[in-house]
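Undergrad:
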Amino acid sequence: MKFQKLVEYFEHLDATTKRLEMFDILSGLFRESPAGEIDRIIYLSQGQLLPPFRGIEMGMSEKLLIRAISEATSTPTKTVEETFSRTGDLGAAAEKLITHRGSNLGVENVYNELMDIAITSGAGSVEKKIGFLSNLLKGSSSKEAKYIARFVLGRLRLGIGDPTVLEALALAAGDRALRPDLERAYNLCSDLGLVAKTLMQKGINGVRKFRIHAGYPVRMALCERLPSPEEIIARLGRTAVEAKYDGFRCQVHKDGEKIEIFSRNLERTTSMFPDIIKAARDCITPKKAIFEGEALAFNEATGELFPFQITIQRKRKHGIEESAKEYPLKFFAFELLYMDGIDYTEKPYLERREKLESVIKRNNVIEPSEMFITSDPKEIYKYFEAAIERGLEGVVAKRLDATYAAGARNFNWIKLKRSYRGELADSIDLCIVGYFRGKGSRARLGVGAVLGTVYEPETDTFRTVSKVGSGFSEKELAELRDTLDKIRIPHKHPRVESVIKADVWVEPHYVITVTADEITRSPSHTAGIDSDGIGYALRFPRAVGFLRHDKKPEDANTVKEVIEMFKQQKNVKVQA
Ligand code: ATP
3 MKFQKLVEYF EHLDATTKRL EMFDILSGLF RESPAGEIDR IIYLSQGQLL
53 PPFRGIEMGM SEKLLIRAIS EATSTPTKTV EETFSRTGDL GAAAEKLITH
103 RGSNLGVENV YNELMDIAIT SGAGSVEKKI GFLSNLLKGS SSKEAKYIAR
153 FVLGRLRLGI GDPTVLEALA LAAGDRALRP DLERAYNLCS DLGLVAKTLM
203 QKGINGVRKF RIHAGYPVRM ALCERLPSPE EIIARLGRTA VEAKYDGFRC
253 QVHKDGEKIE IFSRNLERTT SMFPDIIKAA RDCITPKKAI FEGEALAFNE
303 ATGELFPFQI TIQRKRKHGI EESAKEYPLK FFAFELLYMD GIDYTEKPYL
353 ERREKLESVI KRNNVIEPSE MFITSDPKEI YKYFEAAIER GLEGVVAKRL
403 DATYAAGARN FNWIKLKRSY RGELADSIDL CIVGYFRGKG SRARLGVGAV
453 LGTVYEPETD TFRTVSKVGS GFSEKELAEL RDTLDKIRIP HKHPRVESVI
503 KADVWVEPHY VITVTADEIT RSPSHTAGID SDGIGYALRF PRAVGFLRHD
553 KKPEDANTVK EVIEMFKQQK NVKVQA
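In our numbering, the protein residues as written are 3 to 578.
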């Protein structure tokens, strides 16, 4: 496909404010894509070169891009900077300064050149990257340059989430009913490009033959919540109960000597955890295995587990060895997904657990998570209180006969966390879709509050529940403005449903965690809106922590969960 064609689709996607139109445009693009190129077309549309678990980053800053545009157009960098500051978008600046009307670029050329830029590293790489990019820009048309510039900065802003791609793929294949098959394959390999290419080359039967593989992260199973042990037992009967550890979720893939680790968000975090890699090599007996667990910093002398704020220190790209010494990790394994050719995701919990315990040789780093089986709510209360006392987050109850539900949040796993008087039983993750400039002292900072939404998977939309202004420091608000301005869009995103008008709309991209006093019904918000136009809203919301870089927009809590929490808040029984 000509790159120009892809750019035309990008322009349509950029301009639409309607969700259904977005599906139509995307499915039109997929229909027109050659089977051998559809994977790259999907990656590019999502602003990536490969799925995030491959760990490929462009490594381009504004400064480098300015130099590349300057070289490509023989314009002084100062002129590029001035054009940038007038438009606020380096894509628009590139479009203005690069004046060619047409080009001969194919999607494949552009993709390969971008890949060359991304993989160039080491001494002299900065100059090389600039050279490659300015060559690419030289050969591109003005419109193409706009999207190349945005892409290299990670600011394509099309906001095409994975569910949108799956829906559009099913539409392109001519049958929406194919979506569950596509989704299943995606849940097992986390690579939309691979799923699409298989669909185009081998048809839906090829997609149905997808199997779990070491090296391809499996989309993780997640928990529902209930407010009390009684309700958990009522729902699950005799159940397994595990400690809920508050650290990093790690999915470890062992393929002989090769070990990879993927985060909750399916990013490759292998290089961050040399201690887990070593332990997995020493303690996991099968040749090939995929297992999951939670890694937490702990005090080697006392065995005490540290809170998340300490564990987070281990999330870094430099000084890894030193930080591994300063904050050693403990890894509590809680799931076995695959072992030597056998897919354990299809086996019931008890069988997975027994196998997991039998293949771990305990050492100082790895051990199975704490677990017991009960049908007595009192036992859960007792364990829960003791767990909280030890600084754990609570418990996770797991249905004994349930398979591992890749990519799903359902009642096979139920979390019970501590709740505070006058607060919701749990925090809520919201996706930011816009912001308000604020009044008084806040106006000076540029952001007074953000518009927070929850996700509705059935319609693939983000629906507002709250304006959030409290809980941010002044420094954070200023940082928020800078960060959000980089993803601002001229109109409400097509996947956003809102009756409130934000001062500035942004692409659904960043997630924040908030707590609130309660959930109320409200005509101002669109989450769970009924035929009378009444939705749900958070009362007295406040942000805890800052942007959640570990969560994607679709990882925000869902409308269904908010409604569930609304129902549950009346009978909260577990209290501090
Ligand atoms: P939270 O912020 O509560 O962790 P979440 O949306 O990231 O929410 P949940 O589905 O609520 O995820 O809870 C599951 C998370 O709890 C897992 O992603 C994992 O990191 C963590 N966890 C800790 N201990 C366990 C355990 N024993 N079994 C399963 N998950 C556990």
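Beta carbons are placed, not taken as given, at the ideal position from N, Cα and C, and that holds for glycine.
#1: Looking at residue 293: is its Cβ nearer than 8 Å to the Cβ of residue 254?
#2: Where do the N-terminal and C-terminal ends of the alpha helix (DSSP H) with residue 334 fall, by residue?
#3: Which class does residue 436 belong to by DSSP, given the choice of helix, strand or coil?
#4: Beta-carbon within less than 6 Å of residue 569's beta-carbon, same chain only, minus the 5 sequence neighbours each way: which residues are those?
#5: Would you mind stating whether residue 239 and residue 377 have Cβ atoms separated by less than 8 Å?
#6: Hey, quick one: how far does the alpha helix (DSSP H) through residue 540 stretch, first residue to last?
#7: Taking buried to mean at least 16 other C-beta atoms within 10 Å of its own C-beta, is residue 22 buried or exposed?
#8: Would you say the beta carbon of residue 581 is closer than 7 Å to some non-hydrogen atom of the ligand ATP?
#9: Need the endpoints of the alpha helix (DSSP H) that residue 111 sits in, please.
#10: Comparing C-alpha positions only, which one of 371, 214 and 142 sits nearest to residue 344?
#11: Per DSSP, residue 296 forms a beta bridge with which residues?
#12: So is the beta-carbon of residue 415 under 7 Å away from any non-hydrogen atom of the ligand ATP?
#13: Please find out if some non-hydrogen atom of the ligand ATP comes closer than 7 Å to the beta-carbon of residue 408.
#14: With distances taken Cα to Cα, identify the nearest neighbour of residue 231 among 148, 49, 468 and 400.
#15: What does the Cβ neighbour count give for residue 546, buried or exposed, with the cut at 16 atoms within 10 Å?
#16: Quick one: give me the first and last residue of the beta strand (DSSP E) that residue 478 is part of.
#17: Consult DSSP for residue 449 and reduce its assignment to one of helix, strand or coil.
#18: Verify whether the separation of the beta carbon atoms of residue 556 and residue 193 is less than 8 Å.
#19: Output needed for residue 85: all residues of its chain with C-beta closer than 7 Å, excluding positions within five of it in sequence on either side, in chain order.
#20: For the ligand ATP, any of its heavy atoms closer than 7 Å to the Cβ of residue 401?
#21: Could you tell me whether the segment 143–159 touches the segment 5–14, where touching means 3 or more Cβ pairs closer than 8 Å?
#22: Output the distance between the C-alpha atoms of residue 574 and residue 386, rounded to the nearest integer angstrom.
#23: Which one of 17, 183, 159 and 482 has the shortest CA to CA distance from residue 489?
#24: Considering only their Cβ atoms, is the gap separating residue 246 from residue 396 smaller than 8 Å?
#25: To the nearest whole angstrom, what separates the beta carbons of residue 466 and residue 500, a pair I think is in contact under 8 Å?
#26: Please give the ranges of any beta strand (DSSP E) in the segment 338–408, keeping only runs that are unbroken, at least 3 residues long and fully inside the region.
#27: What first and last residue would you give for the beta strand (DSSP E) that runs through residue 12?
#28: For a test of the three-state rule: what should DSSP assign to residue 557, helix, strand or coil?
#29: For a minimum of 4 consecutive residues, which ranges assigned as the alpha helix (DSSP H) are wholly contained in the segment 117–151?
#30: For residue 123, is the classification buried or exposed, using 16 other Cβ atoms within 10 angstroms of its Cβ as the cut-off for buried?
TA: For this structure:
#1: yes
#2: Per DSSP, residue 334 belongs to no alpha helix (DSSP H); it is in the beta strand (DSSP E), 331–341.
#3: strand
#4: none
#5: yes
#6: Premise fails: residue 540 lies in the beta strand (DSSP E), 537–541, not in any alpha helix (DSSP H).
#7: exposed
#8: Limits of the chain in this structure are 3 at one end and 578 at the other, which puts residue 581 out of reach.
#9: 109–121
#10: 214
#11: 251 and 334
#12: yes
#13: no
#14: 400
#15: exposed
#16: Segment 476–487 is the alpha helix (DSSP H) holding residue 478; no beta strand (DSSP E) there.
#17: coil
#18: no
#19: 95, 98 and 99
#20: no
#21: yes
#22: A caution first: residue 574 carries a pLDDT of 46, below 50, which makes its placement in the model unreliable, though a value can still be read off. If you take the alpha carbons of residue 574 and residue 386, they lie about 15 Å apart.
#23: 159
#24: yes
#25: 5 Å
#26: 368–370, 373–376 and 396–401
#27: First-last for residue 12: 5–17, but that is the alpha helix (DSSP H), not the beta strand (DSSP E).
#28: helix
#29: 127–140
#30: exposed
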